[in-house]
Amino acid sequence: MAAMTLVEDLCPVPDIRRTDMDAAVESARAAVGLPVGARVVAAMSGGVDSTVVAALLHKAGYDVVGVTLQLYDHGAALKKKGACCAGQDIHDARLAAETIGIPHYVLDYESRFKDAVIDQFADSYLKGQTPVPCIRCNQTVKFRDLLDVARDLGAEAMATGHYVRRAAVGNRSQMRKAVDHSRDQSYFLFATTQDQLDYLRFPLADLEKPQVRGVAAELGLKIAAKPDSQDICFVPSGDYRTLIDRLRPQGREAGEIVHMDGRVLGRHAGITDYTIGQRRGLNVAVGEPLFVVRLEPETRRVFVGPREALLTASLTLEETNWLGDEATLVEAAASALPVLARVRSTRQSSPARLALIDGDVCVVFDEGEEGVAPGQACALYDSTDPDRVLGGGFIRDTTAVATA
112 MAAMTLVEDL CPVPDIRRTD MDAAVESARA AVGLPVGARV VAAMSGGVDS
162 TVVAALLHKA GYDVVGVTLQ LYDHGAALKK KGACCAGQDI HDARLAAETI
212 GIPHYVLDYE SRFKDAVIDQ FADSYLKGQT PVPCIRCNQT VKFRDLLDVA
262 RDLGAEAMAT GHYVRRAAVG NRSQMRKAVD HSRDQSYFLF ATTQDQLDYL
312 RFPLADLEKP QVRGVAAELG LKIAAKPDSQ DICFVPSGDY RTLIDRLRPQ
362 GREAGEIVHM DGRVLGRHAG ITDYTIGQRR GLNVAVGEPL FVVRLEPETR
412 RVFVGPREAL LTASLTLEET NWLGDEATLV EAAASALPVL ARVRSTRQSS
462 PARLALIDGD VCVVFDEGEE GVAPGQACAL YDSTDPDRVL GGGFIRDTTA
512 VATA
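Here the sequence shown is numbered in the working numbering, starting from 112 and rising by one per residue.
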């Protein structure tokens, strides 16, 4: 590729050769796998990724319809750059659709989004959990409700700007990591069901982010240098605790900070200020680094201890999804299937095995795993084919190495 240029001093945008553009179009056509002329709904958030998807599919000869979701109050979101689906993003999506030359619809999903994502987010913190709202959003309003709209519009598929691969194997679809592992979003999509995966398309699976920006610039799209979203979209201030305090004020009840050996070290102003693994902001000192190791919402106690107390031997899953070859996740767990388990988007997968314990699906790690907290997701990958996503679930509870 040629040298980088800057557009509006935002993100670097490479120049794209004609061969690169042709390859991107062919890659998008291969990802869709439908006859040219088929109708495809493009989910357009207003960012560069989803916009390029719509543009590539249009250039590839598909009948593209752009759809953007209005998810929360524009006025609050406009005060903070780097949040998706805000008023400016809807404007950008509409302008891009006009530039591309495709019809575009904006759907008011504020009420659905509040019920399925925002309220669940606040409730999770009240329960002492650490939620992942982006997964809930994909699981509900995007890959459930929006897919229904796409079908109502007569589309044969819905395409998104996620960096993940869909591969047709026999009569089923597999989910796989994107070529650019640094951009891979499979962790956030573990809850995608088999039926949804059969209908979805991910045209950016074979591209790297600089290529995507270069394609956008070559196609004359003004969002080519637009920064990626960084924050939780419905927390425009970046301070999620303020939102939780407003929605669930009962979380702002004082309680004790207790060492795991039983010593009461101090008091806190509300359990929603804490998450498992947190070190900063504890305001207690015993001469050694302390971390939050357990939360007890019913007693409003925050338990702290040394870092080694965070090591997790196993976890129990709930709200599971299965994309593997076995008929069900329960069947896979009963057979002690080896897997690679990923408990945070920022962590690598760790060797583990599935287990069925007292009827619950559990993940037992080969070695102690850090960074595990109830409410988070555990995505599962094939131990013999690490790019393949097998599904996963949300973490209900954990067992520490010390008490395993």
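We put the CB at the ideal spot given by N, CA and C, even for glycine. The structure displayed is predicted, hence computed values, not measured ones.
query: Does DSSP put SER156 in a helix, a strand or coil?
result: In the sequence shown, counting from the first residue as 1, residue 156 sits at position 45. Here SER156 sits in coil by DSSP.
- prompt: Name the DSSP bridge partner or partners of ILE368?
  reply: Mapped onto the sequence shown, residue 368 falls at position 257. DSSP, once it has assigned bridges, lists GLY377 and VAL413 as partnering ILE368.
query: In three-state DSSP terms, what is GLY435?
result: Residue numbering aside, residue 435 sits at position 324 when the sequence shown is read from its first letter. Three-state result, GLY435: coil.
field: Top-ranked residue by Cα proximity to ASP493, from ARG150, SER460 and ILE211
entry: Taking the sequence shown and counting its residues from 1, the one referred to as residue 493 is at position 382. It is SER460.
- prompt: Can you tell me whether VAL243 is buried or exposed, with buried defined as 16 or more other CB within 10 angstroms of its CB?
  reply: Here residue 243 refers to the residue found at position 132 when the sequence shown is read from its first residue. Classification for VAL243: buried.
- prompt: Pairing CB atoms from the segment 248-257 with CB atoms from the segment 484-502, are three or more of them under 8 Å?
  reply: Contact fails: fewer than three Cβ-Cβ distances are below 8 Å.
message: Please identify the residue among LEU491, GLU209, LEU145 and ASP234 whose C-alpha is closest to the C-alpha of ARG357.
response: As a working mapping, residue 357 is identified with position 246 in the sequence shown. Distances from the CA of ARG357 to each of LEU491, GLU209, LEU145 and ASP234 were compared; the closest alpha carbon is that of ASP234.
- prompt: On the premise that VAL326 lies in contact with ALA135, defined as a C-beta separation below 8 Å, what is that separation, rounded to the nearest angstrom?
  reply: On the sequence shown, position 24 is the one that residue 135 refers to. On the sequence shown, position 215 is the one that residue 326 refers to. About 5 Å; that satisfies the 8 Å criterion.
Complete runs of the beta strand (DSSP E) confined to the segment 189-247 [at least 3 residues]: 215-219
- request: Output yes or no for whether 8 Å exceeds the beta carbon distance between VAL163 and VAL323.
  value: Within the sequence shown, the letter at position 52 stands for residue 163. Within the sequence shown, the letter at position 212 stands for residue 323. Yes, these two residues count as a Cβ contact at 8 Å.
- prompt: Taking contact to mean at least 3 C-beta pairs separated by less than 8 Å, is the segment 255-267 in contact with the segment 275-289?
  reply: Note that the segment 255-267 does not touch the segment 275-289; fewer than 3 beta-carbon pairs, one per stretch, sit closer than 8 Å.
query: Assuming SER297 contacts MET286 under a Cβ cut-off of 8 Å, what Cβ separation, rounded to an integer in Å, is found between them?
result: Counting from 1 along the sequence shown, the entry for residue 297 is found at position 186. Counting from 1 along the sequence shown, the entry for residue 286 is found at position 175. Sure, about 6 Å apart at Cβ, within 8 Å.
message: Give me the DSSP bridge partner(s) of LYS288.
response: By one-based count along the sequence shown, residue 288 stands at place 177. Bridge partners of LYS288: VAL275.
query: Under a three-way DSSP split, which group does PRO462 fall into?
result: Residue mapping note: residue 462 aligns to position 351 of the sequence shown, counting from 1. Note: PRO462 maps to strand in three-state DSSP.
- prompt: Buried or exposed: ASP226, going by 16 or more other Cβ atoms within 10 Å of its Cβ?
  reply: Here residue 226 refers to the residue found at position 115 of the sequence shown. The residue is exposed, with fewer than 16 neighbouring Cβ atoms inside 10 Å.
- request: Sort THR431, ASP230 and ALA328 by Cα distance to ASP305 and report the nearest one.
  value: By 1-based counting over the sequence shown, the position of residue 305 is 194. First, the amino acid is wrong: residue 305 is Gln here, not Asp. Considering only alpha carbons, the answer is THR431.
field: Inter-residue spacing [alpha-carbon to alpha-carbon] between LEU167 and GLU209
entry: Mapped onto the sequence shown, residue 167 falls at position 56. Mapped onto the sequence shown, residue 209 falls at position 98. Each residue's alpha carbon lies about 14 Å from the other.
field: Own chain, CB closer than 6 Å to THR530, minus 5 neighbours either side, in chain order
entry: No answer is possible for residue 530: the residues shown for the chain start at 112 and end at 515.
message: Within the continuous beta strand (DSSP E) that includes GLU407, where are the two ends?
response: The sequence position of residue 407 within the sequence shown is 296, counting from 1. 402-407 is the span of the beta strand (DSSP E), which, as asked, contains GLU407.
query: DSSP beta-bridge partners for GLN181?
result: Taking the first residue of the sequence shown as 1, we reach residue 181 at position 70. DSSP lists ASP219 as partners of GLN181.
message: Measuring CB atoms only, is the segment 400-418 touching the segment 426-445, in the sense that at least three cross pairs come out at less than 8 Å?
response: Counting C-beta pairs closer than 8 Å gives fewer than three between the segment 400-418 and the segment 426-445, which falls short of the contact rule.
field: First through last residue of the beta strand (DSSP E) which encompasses ARG507
entry: Counted from its first residue, the sequence shown places residue 507 at position 396. Residues 499-511.
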